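Participant: Sequential numbering from 65 applies to the sequence shown in the numbering used here.
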Amino acid sequence: MKHNLLFFILMLISNYSFSQILPSSHAVHHKPYGIIESNLILHLDASNSSSFDSNDLTAWNDLSSSNNDFALKNGGVTFSSDDGGSLVFDGYDYFCINPISDLNTSNLTISLWIKVTSVTNRNGVLVESSRTPTNIDDEFVFQVKENTGKLLFWDHDGSYGFSTQSSSSVLESPVAWKFVTFTKSGTTGKYYINTSLDASITASHNVNYGSDWFCIGRDYRHDPDFGNLSTRYGFNGNMGSVYVYSSTLTQSEIERNYNATKSRYGH
65 MKHNLLFFIL MLISNYSFSQ ILPSSHAVHH KPYGIIESNL ILHLDASNSS SFDSNDLTAW
125 NDLSSSNNDF ALKNGGVTFS SDDGGSLVFD GYDYFCINPI SDLNTSNLTI SLWIKVTSVT
185 NRNGVLVESS RTPTNIDDEF VFQVKENTGK LLFWDHDGSY GFSTQSSSSV LESPVAWKFV
245 TFTKSGTTGK YYINTSLDAS ITASHNVNYG SDWFCIGRDY RHDPDFGNLS TRYGFNGNMG
305 SVYVYSSTLT QSEIERNYNA TKSRYGH
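#1: What residue does the alpha helix (DSSP H) around Asn267 start on, and which one ends it?
#2: For the putative contact between Thr247 and Thr266, defined by C-beta atoms under 8 Å, what is the C-beta separation to the nearest angstrom?
#3: Consult DSSP for Lys214 and reduce its assignment to one of helix, strand or coil.
#4: Please classify His90 as buried or exposed, where buried requires at least 16 other C-beta atoms within 10 Å of its C-beta.
#5: First and last residue of the beta strand (DSSP E) that includes Ser302?
#6: Out of curiosity, what's the CA-to-CA distance linking Asn187 and Ser144?
#7: Leaving out five residues before and five after Trp235 in sequence, what residues of the same chain have Cβ atoms less than 8 Å from its Cβ?
#8: Just how far apart, CA to CA, sit Leu127 and Val141?
#9: Can you tell me whether Arg328 is helix, strand or coil according to DSSP?
#10: Could you give the residue range of the beta strand (DSSP E) that holds Glu192?
#11: Identify every residue that forms a DSSP beta bridge with His220.
#12: Are the CB atoms of Tyr158 and Gly298 nearer to each other than 8 Å?
#13: Tell me which residues share the same chain as Thr150 and place their Cβ nearer than 7 Å to its Cβ, disregarding the 5 neighbours each side in the sequence.
#14: Would you tell me roughly how many angstroms separate the C-alpha atoms of Ile174 and Tyr309, rounded to the nearest one?
#15: Please classify Ser144: does DSSP put it in a helix, a strand, or coil?
#16: Which runs of the beta strand (DSSP E) at least 3 residues long sit entirely within the segment 98-125? Give them in chain order.
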């Protein structure tokens, strides 16, 4: 009897010690993941000193393998250390690269963490490509619509593919951080707000984009230094990070990116 009791005690001690060495099944099978890196051609992050130097303010560098580093084109952004770090755009500031590498014109995903502070009389450009003072073809624009706070993606190559009339619903409580995404798969487009599919749209045809003058924060065609300047084409608010993929992410992949980054933004 004593031998059996001793054996039982030794087994308990052994099992307890072994359980301290091995990670739990929860830790093994539910390890948190980072963002999707496959087909990621642009990753800008204002909170990462390798991407943005808060003492410089003139460059926003790419963390992806495509090395799509952006330079300040006009204006002067400010840096906010709140929420881990973000850039504050006042409607005149924007960054550009000319050209951007590895852009896919049939399959595309654009995601940003943004906090909109004003939509009054502002067609707040988030991201655009090939929209220059001398060219109106092969362009796309992803923006926050003036006076409504709706997301809008449209493109043009002599005629509209995705039209200027198809947009998301209103961004509820716009003065709050939102993870906004547009995906394109040929002529099918989808808007996501945080992790929810907000709207699906259909283009009349697939527009093949140019890779020149890929800009963030404002419409290059209406640069303040040009004669056709307008105060209506700049983004007002904070940007924390920007992600561009040469593929069409699924809703579950968008959710993964959201979950991997949301804690910074109070979500």
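Note that CB positions come from ideal geometry on N, CA and C, so glycine has one too.
Computed from a predicted model, the values in this text were never measured in an experiment.
Facilitator: This is what the structure holds:
#1: For the purposes of this step, residue 267 is taken as residue 203 along the sequence shown, with counting starting at 1. Strictly speaking, residue 267 in this sequence is Ala, with Asn absent from that position. For Ala267, no alpha helix (DSSP H) run applies, since DSSP gives it neither H nor E.
#2: Here residue 247 refers to the residue found at position 183 when the sequence shown is read from its first residue. Here residue 266 refers to the residue found at position 202 when the sequence shown is read from its first residue. Incorrect: roughly 13 Å between the Cβ atoms, too far for contact.
#3: Taking the sequence shown and counting its residues from 1, the one referred to as residue 214 is at position 150. Residue state, collapsed to three classes: strand.
#4: The residue given as residue 90 occupies position 26 in the sequence shown. With a pLDDT of only 36 at His90, under the threshold of 50, the placement of this residue in the model should not be trusted, and no figure is reported.
#5: Indexing the sequence shown from 1 puts residue 302 at position 238. The question names Ser, but residue 302 is Asn in the sequence shown. Run containing Asn302: Asn300 to Tyr309, per the beta strand (DSSP E) assignment.
#6: Here residue 187 is taken as the residue at index 123 of the sequence shown, counted from 1. Here residue 144 is taken as the residue at index 80 of the sequence shown, counted from 1. Asn187 and Ser144 have their C-alpha atoms spaced approximately 23 Å apart.
#7: Here residue 235 corresponds to residue number 171 of the sequence shown, with the count starting at 1. What sits at residue 235 in the sequence shown is Leu, not Trp. In the same chain as Leu235, and ignoring 5 residues on each side of it, the C-beta atoms closer than 8 Å to its own belong to Val180, Val208, Gly213, Lys214, Leu215, Lys242, Val244 and Ile257, in chain order.
#8: Within the sequence shown, numbered from 1, the residue matching residue 127 stands at position 63. Within the sequence shown, numbered from 1, the residue matching residue 141 stands at position 77. Each residue's Cα considered, the two are about 20 Å apart.
#9: Here the question's residue 328 lines up with position 264 in the sequence shown. Of the three classes helix, strand and coil, the one that applies to Arg328 here is helix, per DSSP.
#10: Locating residue 192 in the sequence shown gives position 128, counting from the first residue. From DSSP, the beta strand (DSSP E) with Glu192 extends over Gly188 to Ser193.
#11: Here residue 220 refers to the residue found at position 156 when the sequence shown is read from its first residue. Bridge partners of His220: Glu203 and Tyr224.
#12: Locating residue 158 in the sequence shown gives position 94, where the first residue counts as 1. Locating residue 298 in the sequence shown gives position 234, where the first residue counts as 1. In this structure, Gly298 lies closer than 8 Å to Tyr158 by Cβ.
#13: Stepping through the sequence shown from its first residue, residue 150 is reached at position 86. As written in the sequence, residue 150 is Ser, which differs from the Thr given in the question. Cβ within range, chain order: Ala110, Ser144, Asn302, Met303 and Gly304.
#14: Here residue 174 refers to the residue found at position 110 when the sequence shown is read from its first residue. Here residue 309 refers to the residue found at position 245 when the sequence shown is read from its first residue. Put simply, the backbone Cα of Ile174 is about 7 Å away from that of Tyr309.
#15: If you number the sequence shown from 1, residue 144 lands on position 80. Ser144: strand per DSSP, three-state reduction.
#16: 104-109
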